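One structure is given below, encoded as structure tokens.
In this note's numbering, the protein residues as written are 13 to 352.
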């Protein structure tokens with residue numbers, strides 16, 4: 013998930029973002045019908061990098077392999093090992109392990125060619141957070157329907173999307189957090205004026221398996237926004253409560269043990285007690301950079317995408333080893349990770 017950080021006096025876009033996503037999404041633990049192989053898929057600013065040897069080396073895939081753009085914002089791999097790469101030039105789909113990609117664009121019905129995040133529901137429905145509109149596909153990405161303000165979404169500018177196994181869809185937009193419980197036909201939007209969000213410009217979002225909604229807002233006083241009542245109201249966890257930083261611009265990830273990982277502009281925060289407290293990780297613990305984009309947890313390893321490398325912890329976040337282009341990664345800016 014590529015981070016975006018904005019200030020109100022001067023707008024600054026840090027292309028370090030939707031993981032978005034956007035993706036800030038919980039791993040779909042039900043989609044494991046095929047035996048996982050532990051392959052690592054890394055979305056970088058210079059291509060999609062794939063490792064089949066537990067991260068020792070990577071093979072980088074680019075536009076030469078059919079990617080829509082070398083800037084890959086987010087990656088998702090389904091239970092059939094189909095790869096979906098959200099790029100700045102479309103949603104690129106591979107059915108042969110990343111050797112070749114077919115790219116989907118506005119000509120296929122996507123809302124915009126800049127795809128900030130991608131995820132899949134337990135029923136196989138694809139959701140793509142594009143620069144303009146949320147795009148939904150029920151046929152594997154062949155065709156798409158667009159959802160925007162006319163469907164109740166807070167803004168046509170969409171940063172991230174998350175869906176849980178119960179089918180609740182939550183969208184991070186420039187105008188608030190938009191929620192659908194009817195498959196995306198209609199949305200209810202929550203914003204600062206009616207739900208307690210600290211800022212309407214939400215950059216990342218996660219709806220957990222038990223329906224808790226987490227959102228990252230673009231606000232120096234914002235932090236992590238939390239709703240336990242379907243979005244009716246939100247409370248905040250900030251630096252005052254132990255969060256590493258108030259700009260939650262990176263991914264929000266929940267592992268199979270309900271531990272929460274929050275990517276911020278100032279480092280990684282980990283909570284193992286339902287956000288009552290946080291353990292914070294920075295470059296002092298081995299992160300490649302304090303700007304955190306993507307997060308994934310697999311087989312007790314924590315993978316963190318930073319502005320300068322892929323940082324991996326095998327001891328619960330106590331220490332990290334950072335990997336860069338020297339192992340074959342396409343770029344040192346790591347936007348997202350998926351392991352399957």
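For each residue, glycine too, the CB sits at the ideal point set by N, CA and C. If you're wondering where the values come from, they're calculated on a predicted model, not measured in any experiment.
Distance check for residue 306 and residue 314, CA to CA, integer angstroms please. Roughly 11 Å between the two C-alpha positions.
Spatially closest choice to residue 286 from 350, 216, 224, 338, by CA coordinates: Each of 350, 216, 224, 338 was checked against the Cα of residue 286, and the nearest Cα belongs to 224.
Based on DSSP bridge pairs, tell me the residues matched to residue 96. According to DSSP, residue 96 shares a beta bridge with 88, 105.
For residue 323, name the three-state secondary structure that DSSP assigns. Reduced to three states, the DSSP call for residue 323 is strand.
Enumerated in chain order, which unbroken segments of the beta strand (DSSP E) with a length of 3 residues or greater are wholly contained in the region 232 to 289? Here the runs fully enclosed are 236 to 239, 247 to 249, 264 to 266, 272 to 276, 279 to 283.
Could you give the residue range of the alpha helix (DSSP H) that holds residue 206? For residue 206, the enclosing alpha helix (DSSP H) stretches over residues 204 to 207.
Taking one C-beta from the region 164 to 174 and one from the region 119 to 132 each time, how about it: are there three or more such pairs within less than 8 Å? A contact exists between the region 164 to 174 and the region 119 to 132.
For residue 303, three-class secondary structure by DSSP: Residue state, collapsed to three classes: coil.
Using three-state DSSP, classify residue 190 as helix, strand or coil. If DSSP states are grouped into helix, strand and coil, residue 190 belongs with the strands.
Nearest by alpha-carbon distance to residue 280: which of 233, 49, 263 is it? Ranking 233, 49, 263 by Cα distance to residue 280 puts 263 first.
Going by beta carbon distance, what residues of the same chain come within less than 6 Å of residue 106, once the five residues before and after it are set aside? So the qualifying residues of the chain are 95, 113.
Whose C-beta lies closer than 6 Å to the C-beta of residue 229 among residues of the same chain, with five residues either side of it excluded? Residues of the same chain with a CB within less than 6 Å of the CB of residue 229, apart from the 5 flanking positions on each side, are 210, 211, 214, 237 in chain order.
Would residue 66 be called buried (16 or more neighbouring beta carbons within 10 Å of its own) or exposed? Residue 66 counts as exposed, since fewer than 16 other beta carbons sit within 10 angstroms of its beta carbon.
Per DSSP, the bridge partner or partners of residue 131: According to DSSP, which records beta bridges pairwise, residue 131 is partnered with 139.
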